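A.B. asks:
In the UniProt record's numbering, the protein residues as written are 1 to 365.
1. Which complete beta strand (DSSP E) runs does the stretch 190-243 hold, if anything under 3 residues is left out?
2. Secondary structure at residue 332, three-state DSSP: helix, strand or coil?
3. So, using beta-carbon positions, are residue 142 and residue 115 closer together than 7 Å?
4. In this structure, what does DSSP give as the bridge partners for residue 105?
5. Do you know offhand how far residue 228's Cα is from residue 215's?
6. At the level of alpha carbons, what is the spacing between residue 19 and residue 56?
7. On the three-pair Cβ rule with 8 Å, is the stretch 281-296 touching the stretch 191-201?
8. State the Cα-Cα distance for the pair residue 149 and residue 201, rounded to the nearest angstrom.
9. Judging by CA-CA distance, which residue of 206, 297, 95 is the nearest neighbour of residue 75?
10. For the 8 Å Cβ check, are there 3 or more pairs between the stretch 175-188 and the stretch 205-220?
11. Report the rounded CA-to-CA distance for residue 1 versus residue 88, giving the unit in angstroms.
12. Classify residue 46 as buried or exposed, calling it buried when 16 or more other Cβ atoms lie within 10 Å of its own Cβ.
13. Check residue 340 in the structure and name its three-state DSSP category.
14. Decide if the stretch 263-282 is in contact with the stretch 228-248; the criterion is three or more beta carbon pairs, one per stretch, under 8 Å apart.
Structure follows, in structure tokens:
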């Protein structure tokens, strides 16, 4: 029986934002000549649909982010594939294996209305610390099945499908997870619900960037930001209406229960993995209070966090490039214990040298 793609409010928002973001990416598109040349240089010239997209996002890293460090240079190390989510959807992913002698892996997850290239660029620091990277498109995103998004609940099946593929096709000595916004929610949520599986895979730590703790808090925050002229009571009524509408399309769960804090409360002995949290006080999409609440609820000594005073949603990597990457590399070092790699990336990327381009980052921190 064919699955029906439900046109929920969340799905409509996702579709609209994807069209909007695609229009912003389009000016960075490479010429056909450059695409043909890059494809011709690949030894394995099959399944190379991703070349055009990666050339485009490379240009974004160079011209918009102005961070050449985040450019993906080794196209030969990209391996594209499809896999199944745990609930049977076809998903698109690829690995970036620039450390072929390493069995250390990070699975990086993109944000709502984003795609896997963003997760790859934002996790490049891992490759400098000896890791290989796996990224994928969530359902309803990129090249994966165009199925309704649930803002994280069913998307955990996508992450766990990626885990299954990696476990079956690559050797894993140690694992890390990274997620931004919806991706952050998914890695935090799934690491709780599938803790035993992750323990067996030697999950060392998690990087969480601008997460939210529940779908309800996400909607409430965005309504508070963009509908300031309404009373708090009215905003809550609107948030409840949005949740109730989307609940009509879901039989398996209640959107009100898609909540990390409630999940922790329901567990007798929740298992936590060391997590480095990033967020911005003035995030207009996800509330920094969600990250604070999660840190307080966890009470886990091995957690760490860095909260910026200013940053657009999902853009800490761009606006606070050096500060954020130094913090990530420092956190990885706790588990990696390879000071040589740490010192090299700090030197090569000049993470402790602040030029004119970095002044705003320091002022806004």
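For glycine and all other residues, C-beta sits at the position ideal for the given N, C-alpha and C.
Computed from a prediction, not measured in an experiment: that's the story for all the values here.
C.D. replies: Taking the definition as stated:
1. 203-209
2. helix
3. yes
4. 132, 175
5. 20 Å
6. 16 Å
7. no
8. 27 Å
9. 95
10. yes
11. In this prediction, residue 1 has a pLDDT of 31, which is less than 50 and means its spatial position is unreliable; nothing more can be read from the coordinates.
12. exposed
13. helix
14. no
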